[in-house]
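Counting from 268, one number per residue, gives the positions in the sequence shown under this note's numbering.
Even for Gly, the Cβ is constructed at its ideal location relative to N, Cα and C.
Everything on this sheet refers to the single structure shown next.
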Amino acid sequence: MNLKEYFDWALVEQLSDRALDIDVSFEVKKFKDAVPTHLLSFEMKDRVKAIASALYLSVDKPYPEVLKLILAMLDESEDFKRLTGFPVWVIAYIVELYGLDHPELSLQAIHKITQHFTGEFAIRPYLQHHRQLTLSVLDKWTSDPSADVRRLVSEGIRPRLPWGKKVDWLINDPSDIIRLLDKLYDDESEYVRRSVANNLNDISKDHPDKVILCLKAWQAKQGASDHLDWIIRHSCRSLIKQSHVGALQLQGYSPTPQIKVKQFDIQPNKINLGQKFEVSLIVESHAKSDQALLIDLELLSPGLNGKSRRRVLKWCRRDIAAGSTLSIAKKWPIKDTTIRKERVGMHYINLIINGQKLGHASFEVV
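Structure follows, in structure tokens:
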């Protein structure tokens, strides 16, 4: 199901019924008439905004009274189940659009909303316009009993939150972000820890060294743990693709592996779109102790206007014993996806081991 299909006339009807169930004076016709007749021609976020604006303006009461109504619409009643999932975005959008003059009330509302869907988008304007108040509230939420609320602390302050409004200071200076993440990285909920890792991955795109320093501090404080090891891997994934030395060392990979590539081969050397190519690799260790190897491929394929398009093909992590030989092979398809269209022409492959380019090969797509 396309996500925008959640926001249709059936949802308008459902919200009307819920509002009327709470307030018998709710003007259903006024609400429905305020929704654009061409609603279904909109993309998702425009649908959300259109329904949210229509609902808010149709109530025609001060914001605190509207807030009381829409929050009650989330709750289970005699005739309705608890409202959860994407439809709740309409309620959250009202808080995002109209609540800035009442930040304390709105932040309380976001606390409830995020336990029905997510408040990560609604909280962005409050971070922009009420920074210190919002940070103070988020600090308290780091110890909230609800994992949904604790996860909101991390997700809401991501510098590059998908679909979220840009908040410049989150990108320019991650100090306040890291201070809050410091209270969440060892959270009991995997849901929260995943958000922490995604947040650090965002930060790494602008402040890579600060992310490494943060992770080293957590390692020094906590020592080795499965939770922290996972966060390190996940939060450094963009840095690893860039062969960042600090990120490699943090995960136990030497930037100067003592190995020799005995064979790096691609077969066949010519394929059709939709077919697979196979890479075979033989590596010999010249070290006197075991080594951890992170083995990836850099694929350079034809892009628009004659430019090459780069992407990293994740391969494997292997330990190689002193003086031993490692032999591996893997196949990859060259096919169109929903986000990427492949083109015919020469494709070039670089072998990357622990961030070092140690082999080159090519094949043609016809």
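- When the alpha-carbon of residue 392 is set against those of 324, 408, 424 and 449, the nearest one is in 424.
- One Cα belongs to residue 334, the other to residue 289, and the distance between them is close to 13 Å.
- Ranked by Cα distance from residue 542, the first of 387, 462 and 610 is 610.
- The closest CA to that of residue 317, considering only 558, 356 and 327, is found on 356.
- Distance from the CA atom of residue 631 to the CA atom of residue 394, rounded to whole angstroms, is 50 Å.
- Around the Cβ of residue 279, a 10 Å sphere holds 16 or more other Cβ atoms; the residue is buried.
- Residue nearest to residue 588 within the set 403, 553, 566 and 405 is 553 (criterion: CA-CA distance).
- Under the 8 Å Cβ criterion, the stretch 471-478 counts as touching the stretch 435-453, having at least three qualifying pairs.
- With fewer than 16 neighbouring CB atoms inside 10 Å of its own CB, residue 435 falls in the exposed class.
- Under the three-state reduction of DSSP, residue 505 is assigned to helix.
- If you look at residue 627, you'll find it in the beta strand (DSSP E) that goes 623-632.
- Your pair residue 519 and residue 559 checks out as a contact, with CB atoms roughly 5 Å apart and the cut at 8 Å.
- CA-to-CA, the gap between residue 483 and residue 450 works out to about 15 Å.
- Nearest C-alpha to residue 367 among 352, 347 and 398: 398.
- In the three-state reduction of the DSSP assignment, residue 480 falls in the helix class.
- Following the DSSP letters along the chain, one finds residue 348 in no alpha helix (DSSP H), marked with neither H nor E.
- In the DSSP annotation of this structure, residue 387 is not part of any beta strand (DSSP E), being labelled neither H nor E.
- The continuous alpha helix (DSSP H) containing residue 378 extends over residues 370-380.
- Under DSSP, residue 613 takes part in a beta bridge, and its partners are 631.
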